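Input: a single structure, listed below in structure tokens.
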Amino acid sequence: MRIFNPTSMPIAAVILSLSLHAWATEAPQSMPLTTVSLEEAHKMAARNNPTFENIGEQVNRADAAILSAWSMLLPRVSATGSIVRNEQEITMTMPDFSAFDPADPGAPLPSEEIIMQEKWGKSFGLTATMTLFDPRSIPLIKNAHSNADKARLEAQQHKSDLLFAVTSAYYQVHAMKEMIRVWQENLTTAIEFQRQSKARQGAGQSTRIDVLRAEIQVTNAQKGLENARDAFKMAKSALAHLIGMKGDFEVVVPGEVPLIDTQLDQLYLRALRDRVDLKAAAIDEQLAARNKVETWMKWLPSFDATYDWRWNEAEGFAEKNDTWMFIVGVKWQLFDGGRRLAEMKARQTDIRMAKNTSSQLTIDIRQEVESSYLEMIKLERNVELAQKQVLLAEQNHALVSKQFDVGLATSLDLQNAAAELATQRNTRVIERLQYDIAKLGLKRAVGNYHALSTTAHR
5 MRIFNPTSMP IAAVILSLSL HAWATEAPQS MPLTTVSLEE AHKMAARNNP
55 TFENIGEQVN RADAAILSAW SMLLPRVSAT GSIVRNEQEI TMTMPDFSAF
105 DPADPGAPLP SEEIIMQEKW GKSFGLTATM TLFDPRSIPL IKNAHSNADK
155 ARLEAQQHKS DLLFAVTSAY YQVHAMKEMI RVWQENLTTA IEFQRQSKAR
205 QGAGQSTRID VLRAEIQVTN AQKGLENARD AFKMAKSALA HLIGMKGDFE
255 VVVPGEVPLI DTQLDQLYLR ALRDRVDLKA AAIDEQLAAR NKVETWMKWL
305 PSFDATYDWR WNEAEGFAEK NDTWMFIVGV KWQLFDGGRR LAEMKARQTD
355 IRMAKNTSSQ LTIDIRQEVE SSYLEMIKLE RNVELAQKQV LLAEQNHALV
405 SKQFDVGLAT SLDLQNAAAE LATQRNTRVI ERLQYDIAKL GLKRAVGNYH
455 ALSTTAHR
């Protein structure tokens, strides 16, 4: 299981997106955008995403395998029929023993023609076979049920992964919308700087260089805003594909991601208890052990019963058209050239590999939980620092603006203060996004990821 890392995304995809205000000015006022909450996004993904449908089909296929395993113990019935065109009809003259008179044993018996082969021969038959006892059926049926349990666990894992992707995409869309707001603030600051520079130039208190610096700042802010709008469109497109949304839509402020407030060792124990991939690995160990038992069972005999009924248009010597027989049989393969011995060795190897896989998964889970926990702690600290840095940058920009108004600061000083303020505002949005996704990643690593509330926390 891989932890989502927002820092691996292109910077343009983190610095975001189409402004809601810009879209609303173009859209008809009589047709407001559809608002999709995080909970609704989860439901839409479950309803519209083809991956969800395939997850259910995998479970259905596993259930069908149970029926297939049981079928080896249930009756099997087959029917046969044929119409044969023979070269000629074959008959035989036989005495009619039904006319024998015990009182006159010497009296001649009348003759009768018995058809041995019809020119057009017609026959029909039914055969029913049922296994009375097959020792291999026991582990095979148990394995079929275990495979169905494993399929349900894997389905649960796949659904959780998809919902996690939807949640991450939803938070990114919201963060990108926040970034648009930040760039709009940056643009407002740059425009004010440009206005002040032109006014001071008109009053003879600044030079053309100050105005050019202000225009550069405005241009950079406009570029950042347009890039943010484009990235927002990309983020909404990704979310729309995940949830099967047609047309434009709006998102709401996502809910607060619950903080897992416990010790690292306890998180690890919870992961060992709740992680479905570890439960699936345990089932793989059981399957490997039963496969070995199934190979052992091949040394035992199997018993079956067969009922066979046949009808033929030609009566033959029995002077009857139909016959039947009932057979109880046993099959016991005493030696198969060493194939079972080789299979036993392979089964033992499968058992060891399944145990090794579970052990490695346990190690990986410990590392995943620990790294996710440390990443969350780091980003929690970064969010607090980012908030402080924004406050300091705002105070610094305010002071430099006042100094610039009275001529105690240059336009370069004001430009640098504005650039630092813009950087810190952008960083705060990114740090919040990374922190939210880190908390989601830790919940996912522990194995108890679930849908979130929609209480606003921004």
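Numbered per my numbering, the sequence shown spans residues 5 to 462.
Quick reminder that beta carbons are idealized off the backbone N, C-alpha and C, glycines included.
Quick caveat, the model's predicted, so the values are computed rather than measured.
In this structure, the beta-carbon distance from R140 to M357 does not fall below 8 Å.
In this structure, H178 lies away from P262, with their beta-carbon atoms at least 8 Å apart.
Burial is judged here by how many other beta carbons sit within 10 angstroms of a residue's own beta carbon; R217 has at least 16 and is buried. In this structure, L418 sits near V404, with a CB-CB distance shorter than 8 Å. The three-state reading of DSSP puts W187 in helix, counting H, G and I together.
M96 has I118 as its beta-bridge partners, per DSSP.
From the listed residues A155, R274, A244, F137, the smallest Cα separation to T171 is found for A244. DSSP places L136 inside the beta strand (DSSP E), whose first and last residues are 124-137. Straight-line spacing of the CA atoms in A155 and A66 works out to 7 Å.
Counting only residues of its own chain and dropping the five nearest sequence neighbours on each side, N295 has a CB closer than 6 Å to the CB of R351. Non-local beta-carbon contacts of L291 in its own chain, meaning distances under 6 Å to residues more than five positions away in sequence, involve N147, S150 in chain order.
In the DSSP annotation of this structure, I264 is not part of any alpha helix (DSSP H), being labelled neither H nor E.
Scanning A402, A50, L338, L77 for the CA closest to the CA of T133 turns up L77.
Straight-line spacing of the CA atoms in S72 and L144 works out to 10 Å. For M329, the pairing in a beta bridge is given by DSSP as D312. Below 8 Å, enough C-beta pairs join the segment 273-281 and the segment 435-454 to call them touching: three or more. Under the three-state reduction of DSSP output, T39 falls in the strand class.
The beta carbon of K123 sits closer than 6 Å to the beta carbons of N90, E93 from its chain, once the five residues preceding and following it are set aside; these are given in chain order. The beta carbon of R344 sits closer than 8 Å to those of T299, K302, W303, all from its chain and outside the five residues before and after it, given in chain order.
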